[in-house]
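**Q** I have a structure I would like to understand better, so I am pasting it below and will then ask my questions one at a time.
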Amino acid sequence: MTAPESHQSLWNFALGFYARQGVAETCLLLQDQHNANVCLLIGLHWLDTQRRTLAPEDWSDLVERTGHWTREIIEPLRKLRRTLKQELDDFEMDDLQDQIRQTIKQAELLAEKKLLEEIERWSLKILPSHQAFEPNLEKYLVNLGIDEGHINSLLKKLSV
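Mapping of the sequence shown onto my numbering: position 27 corresponds to residue 19, and the numbering continues sequentially without gaps.
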C-alpha cells in the first residue's frame, strides 16, 4: 500500500497510477475479463491510500452511481472506439476513420475524467479510519468473484 499523500485530486492520482509499468495492462485485463470498472478500481485505490474505508451502504451507493454513468456513457464510447479500429463493411480503413476513432477516444477519456471527479466529490463524506483498516480495492476484487490467489497476484501487479 502506498503511503498516504497530501491531498491529491483523484484525476491526478489516476494519471500517475495508470502510467506506472504494468498497471494499464492489469486494469484492462480486469475490465475485459472480469467486467471491472477501472475508474471505480482507481478511485477505491485512491481511497485506500488515504485509509478511507467504505461502509456497506457506501459500497452499494458508489457502485450504483458509477455503474450508471459507465453503462450509459463510457461503455458505448469504448465500444464505438474499438469498433473503429477495424474495417467496417465496405468502408476502407483510412486516416479519416482513425481521426474519428481518436475523437471518440478523447470523449471516452473526458467521460472517465468526469466519473473520477464525481467519485472524488462523492467520497468527501468518507473520513479516514483510525481503527482497523480494510482495503477497498481488495474487497472490490473479491466482489468481482476473483479467487484469492489471483487477487494477490493482481495487487502485486498494481503495486498495492
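From the three backbone atoms N, C-alpha and C, an ideal C-beta is built for every residue, glycine too.
These figures come from a predicted structure and were not determined experimentally.
Measuring CB to CB, does tryptophan 38 end up less than 9 Å from phenylalanine 9?
**A** It is a contact, given that the beta carbons lie within the stated cut-off.
**Q** Suppose only complete runs of 3+ residues qualify. What are the beta strand (DSSP E) ranges in the region -3 to 81, listed by chain order?
**A** Listed in chain order, there is nothing to give.
**Q** With lysine 131 as the anchor, note down where its alpha helix (DSSP H) starts and where it stops.
**A** Looking at the DSSP string, the run of the alpha helix (DSSP H) that includes lysine 131 is 128 to 135.
**Q** Less than 6 Å between C-beta atoms, sequence neighbours within five positions excluded: which residues of the same chain meet that for asparagine 128?
**A** Excluding residues within five positions, the ones whose Cβ falls inside 6 Å are Leu36, Leu39, Asp40, Leu46.
**Q** For glutamine 23 and arginine 12, what's the separation of their Cα atoms in angstroms?
**A** Going from the Cα of glutamine 23 to the Cα of arginine 12 covers about 17 Å.
**Q** Within this structure, are the beta carbons of cysteine 19 and isoleucine 66 separated by less than 9 Å?
**A** No, the pair does not count as a contact, with Cβ atoms beyond the cut-off.
**Q** Should leucine 116 be labelled buried (16 or more other beta-carbon atoms within 10 Å of its own) or exposed?
**A** With fewer than 16 Cβ atoms within 10 Å of its Cβ, leucine 116 is classed as exposed.
**Q** Just to confirm my understanding: we take glutamate 112, look at its own chain, exclude 5 residues before and 5 after, and list those with CB closer than 7 Å. What are they?
**A** Taken in chain order, the residues that qualify are Ser1, Leu2.
**Q** Quick check: the region 95 to 104 against the region 62 to 80, are at least 3 beta-carbon pairs closer than 8 Å?
**A** In short, these stretches touch, since the Cβ pair count reaches three.
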